[in-house]
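S.K.: Residue numbers (my numbering): 44 to 272. Take a look at this one; I'll ask things after.
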Ligand code: BTN
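Here it is in structure tokens:
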């Protein structure tokens with residue numbers, strides 16, 4: 044496979060690739076070695092020291108939920124293809140290795156564009172305060188990660204799934220996401236208004252999470268933080 048679709052722009056240091064991406068046109072990819080103001084969901088900080096892989100894709104107005112899913116599938120598959128490592132996709136935007144975060148995705152809509160920001164802990168050092176929650180790939184496999192190679196793989200896979208999205212192959216995308224996902228795990232979900240406990244049961248056609256509580260009630264989760272127990 045070769046990259047046909049994306050124009051990749053490399054930077055040594057930026058505030059945030061998602062911010063930088065705003066001034067680029069559709070099908071650009073902004074990649075940085077370091078971010079000084081990496082952003083996570085809910086206005087959280089995304090630690091972005093040198094060595095990690097930080098990128099943002101600028102895409103045309105398409106379904107943002109699906110694009111987040113495509114981001115997660117692409118990183119999950121690329122890590123498997125290049126390093127033979129299985130990571131788990133957690134709704135809505137994380138990749139985990141043994142319950143620790145390896146990758147986070149922040150999808151933002153800016154007028155007619157969707158920006159999919161992907162942060163992967165590859166060779167960056169995880170701050171002590173986060174060591175029980177996050178891990179870098181180089182620690183797991185005890186080898187330096189080739190960020191360029193991983194990036195190329197991610198973009199190739201992303202491109203393939205974008206075509207599926209254009210062709211409205213929604214269930215194929217959802218099913219591929221589910222293949223390496225956390226579905227079946229016990230979870231606690233904190234939404235803006237409530238906390239739920241149950242089993243991560245399914246993903247619906249709009250990419251929302253369905254959990255099953257202890258009384259077998261199915262609850263649709265539209266937003267929130269999911270903790271895998
Ligand atoms: C999260 O898990 O809360 C999402 C984290 C997303 C981080 C990435 S790093 C590249 C892009 N630029 C940012 O500022 N954020 C995203």
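Cβ atoms here follow ideal geometry from the backbone N, Cα and C, with glycine treated the same way.
(1) Tell me the rounded alpha-carbon separation between residue 82 and residue 209.
(2) Quick check on residue 123: does DSSP put it in helix, strand or coil?
(3) Closer than 6 Å to a non-hydrogen atom of the ligand BTN - does that hold for the CB of residue 89?
(4) Using a threshold of 6 Å, is the CB atom of residue 53 nearer than that to any non-hydrogen atom of the ligand BTN?
(5) Say the cut is 6 Å; is the CB of residue 82 nearer than that to a heavy atom of the ligand BTN?
(6) Would you check whether the ligand BTN has a heavy atom nearer than 6 Å to the C-beta of residue 160?
(7) Within the continuous beta strand (DSSP E) that includes residue 54, where are the two ends?
(8) Is it buried or exposed for residue 149, if we count other Cβ within 10 angstroms and need 16 for buried?
(9) Taking the C-alpha atoms as reference points, what is the distance between residue 242 and residue 54?
(10) With DSSP as the reference, label residue 72 as helix, strand or coil.
(11) Suppose contacts are defined by Cβ-Cβ distances below 7 Å. Is residue 75 in contact with residue 97 by that definition?
(12) Taking 7 Å as the cut-off, decide whether the C-beta atoms of residue 278 and residue 61 are in contact.
(13) Within the present structure, is the beta-carbon of residue 97 separated from the nearest heavy atom of the ligand BTN by less than 6 Å?
(14) Quick check on the DSSP output: what are the complete beta strand (DSSP E) runs of length 3 or more inside the stretch 158-197, in order along the chain?
(15) Exposed or buried, what is residue 115 when buried is set at 16 or more other beta-carbons lying within 10 Å of its beta-carbon?
(16) Would you please state the rounded distance, in angstroms, between the beta carbons of residue 213 and residue 248? I believe it to be under 8 Å.
(17) Roughly how many whole angstroms lie between the Cα atoms of residue 181 and residue 101?
M.R.: The structure says:
(1) 28 Å
(2) helix
(3) yes
(4) no
(5) yes
(6) yes
(7) 50-57
(8) buried
(9) 42 Å
(10) strand
(11) yes
(12) What is shown of the chain runs 44 to 272, which leaves residue 278 out entirely.
(13) yes
(14) none
(15) buried
(16) 6 Å
(17) 28 Å
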